[in-house]
Amino acid sequence: MAASDGGAPVAASASAADASAASAASAATAASSASDAAPAPAPTQDSRLSFTVDKAGVPTISATVGTEAEKAHLMDALTKKFGDGKFSANITVDPKTKPTEWLAHLDGLLPLMALPGAEVKIDGSHVELSGTAADAKLGWLDKLKALFGSGFDIGVFNVQKAVADATQSFKDALKGLFGSNGSCAGDDVAKVLNLQVVNFSTGSVTIPASAGDDLRQSAKVLKACAKQGKPVHLEVAGYSDNVGDKTANQVLSKRRAQAVLTYLVAQGVSASTLTAAGYGDANPVDSNDTAGGRFHNRRIAFAAK
């Protein structure tokens, strides 16, 4: 009896172990199935399309779409319209991209892709026209508004509005630097200063009147931090678009950065805290295919050192 009693717990333990293993395997299988069935992360970025048309009516197209099917749809439509090899296209497929709603209106866009001098940029539901596409006499703004409907924001690039919008954003953010919780950390200051726009005239290194007040406010921030014993060391970097000679653009971008540095020093900022550099058309922040994109790329950028 003692031997029998001694064997029972062993058998029970083995049975329990088997049951536990089976349960674990079942749980693992269920977890694996659940993982397999889990939906893919929701797309987070807007689809994009930009194109420019040369004097001969040949378009250069750049786009980002979410699926291979959308890419095939776009390429098939372009080939049917222009013929194989008679256009240039760089189409990227990125699964993080939301459904490409402008594809449904592609038939109405194709004629514009053959208009010499036309420039168009679509970012999600925002459509921006420049070049001949923005010529009021040709009526493309109204045509596209009718084509796309109320779900799209369609407009013509306007430099003055872009500068005004940037200035307002800068002034709003500036209040935080002057507030009780204002930061003199280099990255925080640079982030705010980079909201302003120094919109130089073509080929010019003269600080435009539209940028004067913003730069004076920038100087006040830098002087206030220095007065607190927290000097902010910054690189003032100039950038250009890709139009014209690459070397000349690099030289011009350096001269513009130096002009901004000189202006800030004249406002009382210590020259020892600033350096100037020119990078030409490197590191674009937007497409150079449209006037709006080139405007964004021609910039002064501040970086903490």
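All letters in the sequence shown, in the order written, are residues 4 to 308 by my numbering. No residue lacks a Cβ here, since even glycine has one placed at the ideal position from N, Cα and C. A quick note: this is a predicted structure, and the numbers were derived from the prediction, not measured.
Opening and closing residue of the beta strand (DSSP E) in which residue i lies
{"i": "H129", "result": "H129 to G134"}
{"i": "A307", "result": "I303 to A307"}
{"i": "E122", "result": "A121 to D126"}
{"i": "N93", "result": "S91 to V96"}
Supposed close pair residue i, residue j - CB separation, criterion 8 angstroms
{"i": "A240", "j": "Y282", "result": "6 angstroms"}
{"i": "K3", "j": "Q48", "result": "The chain is shown only over 4 to 308; residue 3 falls outside these bounds and no answer can be derived."}
{"i": "D244", "j": "D284", "result": "6 angstroms"}
{"i": "K257", "j": "A274", "result": "The Cβ separation is near 16 angstroms, so there is no contact."}
{"i": "G127", "j": "S50", "result": "7 angstroms"}
{"i": "E73", "j": "T103", "result": "5 angstroms"}
{"i": "I303", "j": "A260", "result": "6 angstroms"}
{"i": "F90", "j": "I125", "result": "No, F90 and I125 are not in contact; Cβ-Cβ is about 17 angstroms, not under 8 angstroms."}
{"i": "L264", "j": "L277", "result": "5 angstroms"}
Limits of the alpha helix (DSSP H) - the one that residue i falls within
{"i": "S50", "result": "That residue, S50, is in no alpha helix (DSSP H); it is neither H nor E in DSSP."}
{"i": "L196", "result": "G189 to L196"}
{"i": "S65", "result": "First-last for S65: P62 to V68, but that is the beta strand (DSSP E), not the alpha helix (DSSP H)."}
{"i": "M78", "result": "E71 to F85"}
{"i": "F298", "result": "A294 to N300"}
{"i": "D110", "result": "L109 to L112"}
Option nearest residue i by Cα separation, candidates the options
{"i": "H299", "options": "T205, Q171 and V200", "result": "V200"}
{"i": "G295", "options": "F160, W143, T82 and K101", "result": "F160"}
{"i": "S221", "options": "N202, K124 and V192", "result": "V192"}
{"i": "N93", "options": "E104, L150, P62 and V246", "result": "P62"}
{"i": "G271", "options": "D216, K178, T103 and K223", "result": "K223"}
{"i": "W143", "options": "A251, L113 and Q171", "result": "L113"}
{"i": "D216", "options": "G69, A169 and G189", "result": "A169"}
{"i": "A121", "options": "Q231, K230, A165 and F54", "result": "F54"}
{"i": "Q231", "options": "C187, L277, R219 and K84", "result": "C187"}
{"i": "V130", "options": "D110, G154 and A117", "result": "G154"}
{"i": "Y242", "options": "P211, R297, D292 and A227", "result": "R297"}
{"i": "L2", "options": "K58, A260, L218 and D244", "result": "For residue 2 there is no data in the structure shown, the boundaries of the chain being 4 and 308."}
{"i": "V123", "options": "W105, T293, T276 and A306", "result": "T293"}
{"i": "A262", "options": "P211, K178, T250 and D175", "result": "P211"}
{"i": "D190", "options": "H236, Q253, D87 and V162", "result": "H236"}
{"i": "A45", "options": "K178, F305 and G69", "result": "G69"}
{"i": "E71", "options": "L52, D87 and D97", "result": "D97"}
{"i": "V56", "options": "S65, M116, H108 and G86", "result": "M116"}
{"i": "G185", "options": "A165, G158, L225 and A306", "result": "L225"}
{"i": "V166", "options": "N202, V208 and F90", "result": "N202"}
{"i": "I157", "options": "K164, L132 and F173", "result": "L132"}
{"i": "Q315", "options": "H108, A307 and S204", "result": "In this structure the chain extends from 4 to 308, so residue 315 is not present and cannot be described."}
{"i": "F181", "options": "V268, C228 and L255", "result": "C228"}
{"i": "P234", "options": "A269, N291 and A307", "result": "A307"}
{"i": "R219", "options": "E238, K174, K84 and Q253", "result": "K174"}
{"i": "L106", "options": "K84, G86 and L52", "result": "L52"}
{"i": "S207", "options": "G86, R301, G88 and D87", "result": "R301"}
{"i": "K101", "options": "F85, A66 and G88", "result": "A66"}
Open item on the list: Quick test of the definition: if touching needs 3 or more C-beta pairs under 8 angstroms, does the segment 65 to 81 touch the segment 136 to 145?
Closed with: No, the segment 65 to 81 is not in contact with the segment 136 to 145.
Open item on the list: Which complete beta strand (DSSP E) runs does the segment 223 to 278 hold, if anything under 3 residues is left out?
Closed with: Whole beta strand (DSSP E) segments, 3+ residues: 237 to 241.
Open item on the list: Tell me whether the segment 148 to 156 and the segment 195 to 209 touch, counting them as touching only if at least three CB pairs, one residue from each stretch, are closer than 8 angstroms.
Closed with: Verdict: no, contact absent.
Task: Ranges of the alpha helix (DSSP H) found wholly within the segment 139 to 199, counting only runs of at least 4 - done: The alpha helix (DSSP H) runs lying completely inside the segment 139 to 199 and spanning 4 residues or more are 143 to 151, 162 to 181 and 189 to 196, given in chain order.
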